[in-house]
């Protein structure tokens, strides 16, 4: 078009089309589509299209990735926008290019609460101009016209800016620069001024963003306090803390035990239900159908003439006692967690006060909990969709949680949440978080994988897991890869309990003390959150029935007494792991897990490290409590930028000694009567 | 609660809460959430959350999968709902359970056009009741109360039904059944009546659907005519069809060639641009910068004093000639495809008529197409976002396509669509489809993977692919696995061209005739859509520059003449493949590809089969045109339910003979001078 007709170039308006050829709706659609010239897709993390929040803890990095591209060859740029849920001002973080049209940007949030992110991307006209003009100049092509075009780009930006706040200073600087450029008479000097870093910086800050696209979704992010992702739980039954089977334990007895528990290094102290227990159909010791007089019954049969979910079991103490326990626990570095178990004993006050919350049968009775043809006669369930349960039952249940929150309890272990409607949890947890974004809910759902994941999506901060039943190396690796590397890692945080009042794992029935130590090592180092039910430290494992998971003489049905420091306990192991979990930042993270090769199927071997490698921990656990195991393993020299012949410094955290490993392949050995695990801290 | 207080059970209303404890907004949220008790998630196929349509061809099955579950142990049920884009009535197809809470339902659509699907799921109260009651009865438990509850379920359904159309008859039958049940006095007879299949059927048809959830998205589905997914293209330059280099070819010359092309079995006949060609900066033979007088120039430099995109190059013929060609082609089973190339020669009428569609420089010239520092002086590009390009340019370009659609062209091969805005394509293709849902667009984008996929998402029915550069067994397998098994299979349909006017593949420069035959075999059997640019059948491969993909003496810049039946041609191979592609339904599908083991890295071996196994084709292709290749391979006996010692009947479709294979491992051998491929049809 060097031959371009001068007349045509003067009148640069197209002739109107002969007749309207497009409908109103079509034109609207055209204009709506035209707004998104730059494509933003494949955004991650993104849970169900943004239906559920991505989870992080305070200050934990959130690396967002997206495919960002446009037609043609223009240089593009993109920014991650983040804001608190209610905020109007977005914070902008530039994206950097990875490969294959994939970009990334990373942020972190300092305080718990709801946030959201989205993405903007645009064609960077000035960067494109600068790159093209440099190429032409380098090739010796005349660039006088290009320099005029460049000046126009700067002038446009200086005239208007992007209309965002805080760009006044940069705009002023840009205007000064435009004047400086206008004064240049020599093409080389002009080009040099354009090529200065300041020009590019100013245009990056206030240059017009052509064809700015905005990702259609504002992706919710939920930020928890650290305890949601990193916590060490100790579970006990207050009834058994008196040290005397003939005397029901009290909150004061629990207070007396706090130094013991602190010594082991736990940070959460969790109690099964502490509410009044029903009399009707009360269960006797070892789950017998009828209780003998004086037997305490299951704490899960909640509610009696003495009250319901907002009351305390009188034998444990008063609210004043409970309050004192909460305070004293805090003094010992322990936070109290209680159980939220929605089932009712047939004596629960709700039955009289709110019959519309229950499912009545034609004969005027309420359905017992059942799994036909089995019946659970000491428990009846509320019906979340019964007559007038929506909304009054839902509100009351929320208020139960708020009640205990007001008493200083911020952690709730929830019993069997998968048998209650998901929408209830989603609503209730959001309500509680509006009051305290630091409230934590642990889902005790041992059910099908997708239900467990859904509970995490609707808001649970922590989830019980299948860990308790994963013993072989291959299954531990497979399960941990799923939890840490697949999408569920964005919203589900497992809590690895080594045992619970309901689960006396088969593995421990025959493993002896070595088995308890190795299971502890696995839970404490693999997971961010882990838990121990009291008795584990004493290597208690006697089952009610051989081959079954129910404990003999379970505290669920009777008052027990233990010598908490009796010989053979593993309190030192527990204290060791809880200590290094605190001191090594690498162990506070869950998803930084990396399995490494130990050429023996009975030894699990993995690394955890911080991004800056300042805390780099290697863990080996013999999975065989009966036989010596050992063999060769690889030192992850490649991760430290070292050749296979490289040397690393090693601190053996178990034996408290230091040495070096020279070369990638090394050797280790475990005897079951010695320590069945090894923990090393490596550095270059 | 057998001891339940009679007073309480009479008044089944809960007491109102002492004070309002929930805000308006919270209550609204509670009720909205409560509606979705049954979870529907993990829905597939679903492209970018429903932003883009899943693609199918007419009568091609669409199997939808979803994770569907609820809290507790109730039996659930689900249905797939499908409808045309404008229709209000949904067609219902029941889901069946797969495993791990995953369900599936399959539908197909008979006619091209826009459709949508969604999912409903509910708790099946009657099925749950029936299952629980049967368990209790089998265990000898008293079920009198259960029978009363069952009767209530039927009565409720008979009273109201689900309020859908066409249930009148079933409701009437249900009412009759309720009466029949009411007449039964004996529990056994009553149970027997409940257990009859008709009761379950009636309740399935009109029983109330408790806690009915509906998936939040209506997922768009685009259904194409079969040619979008199954077509065999032949590309030729009309200018070279006169058989005489001194005479420019015409549409009538093309008509004379139709029997030849039909004999090879193609069904699409595609021409590069047939519009007037610019004079300014016209390219000469072999892409020289200046044309000699009388040279025809590149057909991609569109537009001259003789017209633009809605005009014909005068030397080819008139619109009457073109119309005759379209009609005569149809008589030969051939559909005409034309090129939609948006670039303009500097002589294009738009430049004067619509200067506002172009990007003018400060000196009054238009930017040439360029890739700095390179310039393409015979072409200028419209600027889709220039002064008044939105919407008038977009509308005009749409009208160009509609213009040719009105002339009987329904297939458009689009030149370099990735250098034009994606929103334009999305809008334009939808506009054309509103006129003719059978219009087909092939994207000629050889660019980065995500751009190619995006073009398919925004509406392209077919896409050029990387096939032309995939020669080794591992890379063919890897690429085909991506295309057929990954998500892009839901929206992208490659067209495997063996060569194009721009791509004279390096492999063919040295492969000889065997190479042409094996590349043909791969394209014709691997892909649903494939294409051949004329000259391929003559094994033409002389490059302009050794080691480069440009053809010597390319028709793009001069008139050529060929003896289309000269010795050494592979017309018989082409006819063979086009024949079996038509006769074997297995070869009409693309995503049914299954690679099988041939223990030789130079032999690619795969199966294609219909779901009912009535068309079961095995293809082997030697990838080595120079040396004999062969070895052992596996017969997929396991897919036929046969043991490794089983026997299948085999038709060798190449040699036209029949035999059997007894046993899973067999042997085959290829000599490059013989046929480099084998095609078998197997049956039990």
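Residue numbers (the working numbering), protein chains in the order written: chain G, 1 to 684; chain D, 685 to 1368.
The beta-carbon is built from N, C-alpha and C at its ideal position, and this holds for glycine as well.
8 Å CB neighbourhood of residue 652 (chain G) in its chain, flanking five on each side removed: 658, 659, 678, 679 and 680
Cut-off 7 Å between Cβ atoms - residues of its own chain near residue 841 (chain D), not counting five sequence neighbours on either side: 858, 887, 890, 891 and 892
Under the assumption that residue 1241 (chain D) contacts residue 982 (chain D) (Cβ atoms under 8 Å), give the Cβ distance between them as a whole number of angstroms. 6 Å
Of all the options G:379, G:497, G:407 and G:625, which has the alpha carbon lying nearest to the alpha carbon of residue 510 (chain G)? Comparing Cα-Cα distances from residue 510 (chain G) to each of G:379, G:497, G:407 and G:625, the minimum goes to G:625.
Straight-line Cα distance separating residue 459 (chain G) from residue 442 (chain G): 10 Å
Reference residue 120 (chain G), options G:93, G:113 and G:130, closest by Cα: G:93
Who are the near neighbours of residue 665 (chain G) in its chain, counting only those whose CB is closer than 7 Å to its CB and skipping five residues on each side? These residues qualify, in order along the chain: 632 and 634.
Tell me the DSSP secondary structure of residue 1044 (chain D) in three-state form. strand
Partner residues on chain G for residue 1266 (chain D), Cβ-Cβ distance less than 8 Å: Result: empty, since nearest Cβ-Cβ is about 37 Å, beyond 8 Å.
Along the chain, which unbroken stretches of the beta strand (DSSP E) at least 3 residues long are found entirely within the segment 787 to 845 of chain D? 797 to 807
Where residue 1245 (chain D) and residue 937 (chain D) are concerned, what is the direct C-alpha to C-alpha distance, given to the nearest angstrom? 12 Å
Residue burial classification, residue 634 (chain D) (beta-carbon count within 10 angstroms, cutoff 16): Any property of residue 634 (chain D) remains undetermined from this structure, which presents chain D solely from 685 to 1368.
Residue environment, residue 832 (chain D), which counts as buried when at least 16 other CB atoms sit within 10 Å: exposed
Compare the beta carbon distance of residue 807 (chain D) and residue 754 (chain D) with 8 Å and say whether it is the shorter of the two. yes
Leaving out the 5 sequence neighbours to the left and right, which residues in its chain are closer than 6 Å to residue 615 (chain G) when beta-carbon positions are compared? 584, 585 and 586
Nearest residue (CA-CA) to residue 756 (chain D), options G:574, G:493, G:452 and G:508: Nearest of G:574, G:493, G:452 and G:508 to residue 756 (chain D), Cα basis: G:452.
When you check each C-beta in the segment 1088 to 1104 of chain D against every C-beta of chain G, which residues fall closer than 9 Å? Identification of residues in the segment 1088 to 1104 of chain D having a C-beta nearer than 9 Å to some C-beta of chain G yields 1101, 1102, 1103 and 1104, given in sequence order.
Under the rule that 16 or more other beta-carbon atoms within 10 Å means buried, what is residue 573 (chain G), buried or exposed? buried
Work out the CA separation of residue 1066 (chain D) and residue 1049 (chain D) for me, nearest whole Å. A direct Cα-Cα distance of roughly 13 Å separates residue 1049 (chain D) from residue 1066 (chain D).
Note down, in chain order, every chain G residue with its Cβ under 9 Å from the Cβ of residue 829 (chain D). 361, 362, 363 and 365
Just to confirm my understanding: we take residue 56 (chain G), look at its own chain, exclude 5 residues before and 5 after, and list those with CB closer than 6 Å. What are they? 62 and 223
What residues in the segment 462 to 495 of chain G have a beta carbon less than 9 Å from any beta carbon of chain D? none
Pop quiz: residue 378 (chain G) and residue 461 (chain G) are said to be a contact at Cβ under 8 Å. What is the actual Cβ separation, rounded to whole angstroms? A Cβ-Cβ distance of about 30 Å is found for the pair residue 378 (chain G) and residue 461 (chain G), leaving them out of contact under the 8 Å criterion.
Looking only at its own chain, which residues have a Cβ that is under 6 Å from the Cβ of residue 855 (chain D), when we skip the five neighbours before and after it? 845 and 890
Using the rule of at least 16 other Cβ atoms within 10 Å of the residue's Cβ for burial, across every protein chain shown, is residue 530 (chain G) buried or exposed? buried
For a cutoff of 8 Å on Cβ pairs, would you count residue 1079 (chain D) as touching chain G? Yes, residue 1079 (chain D) counts as interfacial toward chain G.
Along the chain, where does the alpha helix (DSSP H) that runs through residue 1262 (chain D) open and close? 1255 to 1267
How big is the Cα-Cα spacing for residue 796 (chain D) and residue 718 (chain D)? 38 Å
Spatially closest choice to residue 1129 (chain D) from D:1085, D:763 and D:1184, by CA coordinates: Comparing Cα-Cα distances from residue 1129 (chain D) to each of D:1085, D:763 and D:1184, the minimum goes to D:1184.
For residue 665 (chain G), the three-state DSSP class (helix, strand or coil): strand
Is residue 906 (chain D) helix, strand or coil by DSSP? In the three-state reduction of the DSSP assignment, residue 906 (chain D) falls in the strand class.
Taking the alpha-carbon positions, what's the residue 548 (chain G) to residue 502 (chain G) distance? 10 Å
Compute the minimum distance between the beta carbon of residue 1046 (chain D) and the heavy atoms of the ligand HEM, and state whether it is under 7 Å. With respect to the ligand HEM, the structure offers nothing, as it holds no ligand at all.
Contact with chain G by residue 1133 (chain D), beta-carbon distance below 8 Å: yes
Going along chain D in order, which residues have a C-beta closer than 7 Å to the C-beta of residue 21 (chain G)? Within chain D, the C-beta atoms nearer than 7 Å to that of residue 21 (chain G) come from 1079 and 1083, in chain order.
Sequence-distant residues of the same chain with beta carbon closer than 6 Å to residue 218 (chain G), five excluded per side: 116 and 118
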